[in-house]
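Quick notes on the structure that follows.
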Amino acid sequence: MQFAGAAGQVTGSRTVLEHASTRAYVDCGMYQGPRYISDRNYLPFAERADTIQAVFLTHAHVDHCGLLPLLVKRGFRGKIFCTKPTADLLEIVLPDAAGILKEDFKDLSKKFKRKHSIESPLYDTLDVEQTLKQVIPIAFGEEVTCGPFKTEYFRAGHILGAAGILVTTEKKNGESIQIYFSGDVGPSHPILHPKKENPPKADYYVLESTYGDRNHTKENPEEIIVEAVSRILHRKGMLIIPAFSIGRTQLILYLLYKMQEKKMIPELPIYLDSPMALRVTELYEMYKSEVNIPSKDFGFFAFLNSRRVTKVYHAEESKRLVETPGPGIIVSASGMCSGGRILFHLRSRIEDPRNMILFTGYQAEETLGRDILEGHARVSILGREYVVRASVAAIQSLSAHADFHDLLGYAGHFNYQLKKVFLNHGLDGPRQHLAKAIHEKYHFPVEIPSYLDTYYL
206 MQFAGAAGQV TGSRTVLEHA STRAYVDCGM YQGPRYISDR NYLPFAERAD TIQAVFLTHA
266 HVDHCGLLPL LVKRGFRGKI FCTKPTADLL EIVLPDAAGI LKEDFKDLSK KFKRKHSIES
326 PLYDTLDVEQ TLKQVIPIAF GEEVTCGPFK TEYFRAGHIL GAAGILVTTE KKNGESIQIY
386 FSGDVGPSHP ILHPKKENPP KADYYVLEST YGDRNHTKEN PEEIIVEAVS RILHRKGMLI
446 IPAFSIGRTQ LILYLLYKMQ EKKMIPELPI YLDSPMALRV TELYEMYKSE VNIPSKDFGF
506 FAFLNSRRVT KVYHAEESKR LVETPGPGII VSASGMCSGG RILFHLRSRI EDPRNMILFT
566 GYQAEETLGR DILEGHARVS ILGREYVVRA SVAAIQSLSA HADFHDLLGY AGHFNYQLKK
626 VFLNHGLDGP RQHLAKAIHE KYHFPVEIPS YLDTYYL
């Protein structure tokens, strides 16, 4: 087992399994972030792509699936196993990623008039089309065999379709080995997504550690939304909510629905302005059984298709929305304001003190969202500088990742006769903190693998 990604990082997830002349990946994700990190996407895979027989995919976030088309482009023709909701999400996520790569390449070509080191986008829509042909949807709990590997998928509670994967194989002497990959683990008390299942019995556990050294705040998101809506109502402004297309947008809409039903906020116009988020929201409606909301709130799905939510599909509609007066609520992407239609809303409204920007998720370094949230007086949007006069607030309690307390409790369900726990998908500080806590509480042997570290199990 080799840690070929997300070891000491929170993006670029990829683990290589090799046994009995068969190679498989668990995830094949894209590196995201500053250039010195994202440049890793252009490195060759350590193995020839045509020697990989399968990919076992945990979920459809780009940092877990975003390099699948590149693997295919370089010769991979094996099967990609994932849950049915994840398979449907891939049909949205991967074409979107290809489009972003194309635009980024165009921008790079304009910036550097002379030839630069990157000769073409990582992959294109033809590579995505071939990738989607290789996807094999499976059900939670279904056992699938690929060569010497038998897999079973368990709900991880992170986003729609997210799974932890139990991989079982046998040594030459007939001894069985079981490895459980947690994938990205959801919080213990999710608002929208299903609760994660307890991890199954295994010999080895590969556990994510994104928030291995901190706990989420206990703030009430509804109180923050009430305050924000009250402010823009008084000023007749617009509440602008940047939100991730998968999971966060749907969660924000659900909160707004519940609050309107409880008369906590008035029925203001709500605009959903993100083509990708619109398609993902349709999938959430399709997979009602995979959404964790009580039956009394099933009116949420009717709400999504009512006049209370204006779905902005076309660019011309979005342009008109930019000029629409408040009060109202605009939910748009991207969540970190690094691209998408949210930029046009910010450009139009950020200098108006009647408006408010409400962040609902993590803002990475070197993003526009981070600059606004940190209180920069001036920010650059689409090549021009703007003065930040709109109010700014944030909800810090909506993370789709388990925090330190959740992860420690999750590890308590591990097999007490396990051989080792590996911590990945985390920076070194959080990994070290979580490793120490797991060892002290449960006396499990814990390993913190480095990039390309290989283990013989």
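Each residue of the sequence shown is one higher than the one before, counting from 206 in the working numbering.
We put the CB at the ideal spot given by N, CA and C, even for glycine.
Taken in chain order, the whole beta strand (DSSP E) runs of length 3 or more contained in the segment 387-418 are 409-413. Take the alpha-carbon of residue 549 and the one of residue 527: they are about 7 Å apart.
Counting along the chain, residue 219 sits inside the beta strand (DSSP E) bounded by residues 219-224. Rounded to the nearest whole angstrom, the C-alpha separation of residue 590 and residue 577 is 12 Å. Exposure of residue 324 is indicated by the presence of fewer than 16 other C-beta atoms within 10 angstroms of its C-beta.
Excluding its 5 nearest sequence neighbours in each direction, residue 251 has C-beta neighbours in its own chain below 8 Å: 207, 209, 221 and 657, listed in chain order. Under DSSP, residue 231 forms a beta bridge with 220 and 261.
DSSP, read as helix, strand or coil, puts residue 596 in strand.
Going by beta carbons, residue 288 and residue 368 fall inside the 7 Å limit.
Below 8 Å, enough C-beta pairs join the segment 499-518 and the segment 459-467 to call them touching: three or more. Just measuring C-alpha positions, the residue of 436, 446 and 613 sitting nearest residue 420 is 613. Its chain contains 420 as the residues whose beta carbon lies nearer than 7 Å to that of residue 610, once the 5 sequence neighbours on both sides are disregarded; these appear in chain order. Contact check for residue 593 and residue 555: beta-carbon distance about 6 Å, within the 8 Å limit, so the pair qualifies. In this model, residue 405 and residue 268 are separated by some 25 Å (Cα to Cα).
Inclusion of residue 642 and residue 391 in the CB contact set at 7 Å is not warranted, their separation being larger than that value. Taking all protein chains in view, the Cβ of residue 378 is surrounded by fewer than 16 other Cβ atoms within 10 Å, so the residue is classified as exposed. Boundaries of the alpha helix (DSSP H) around residue 459: 453-466. Between residue 445 and residue 535, the alpha-carbon positions lie close to 5 Å from each other. Taken in chain order, the complete beta strand (DSSP E) segments of 3 residues or longer contained in the segment 474-504 are 475-478.
Per the C-alpha coordinates, the member of 414, 298 and 359 positioned closest to residue 635 is 414.
In this structure, the CA atom of residue 631 is about 30 Å from the CA atom of residue 498.
One thing to note: residue 443 has its Cβ within 7 Å of the Cβ of residue 531.
Contact between residue 356 and residue 370 holds: their C-beta atoms lie close to 6 Å from each other, under 8 Å. For residue 628, the uninterrupted beta strand (DSSP E) run begins and ends at 625-629, by DSSP.
Here residue 240 is exposed, its C-beta having fewer than 16 other C-beta atoms within 10 Å. DSSP links residue 640 through a beta bridge to no other residue.
Inter-residue distance for residue 477 and residue 515 is about 6 Å (C-alpha atoms, whole angstroms).
Within the DSSP secondary-structure output, residue 360 pairs in a beta bridge with 368.
Contact check for residue 454 and residue 433: beta-carbon distance about 17 Å, past the 8 Å limit, so the pair fails to qualify.
In the displayed model, residue 311 falls within a helix according to three-state DSSP. Straight through space, the alpha carbons of residue 608 and residue 380 are spaced by roughly 35 Å. According to the DSSP assignment, residue 542 belongs to no beta strand (DSSP E), since it is labelled neither H nor E.
7 Å or more divides the Cβ of residue 538 from the Cβ of residue 562. Separation of residue 575 and residue 436 (C-alpha to C-alpha, rounded to the nearest whole angstrom) is 22 Å. By the neighbour-count criterion, in which 16 or more other beta carbons inside 10 Å mark a residue as buried, residue 266 falls on the buried side. Apart from sequence neighbours up to five positions away, the residues of its chain that approach residue 402 with a beta-carbon distance below 7 Å are 359 and 360, ordered along the chain.
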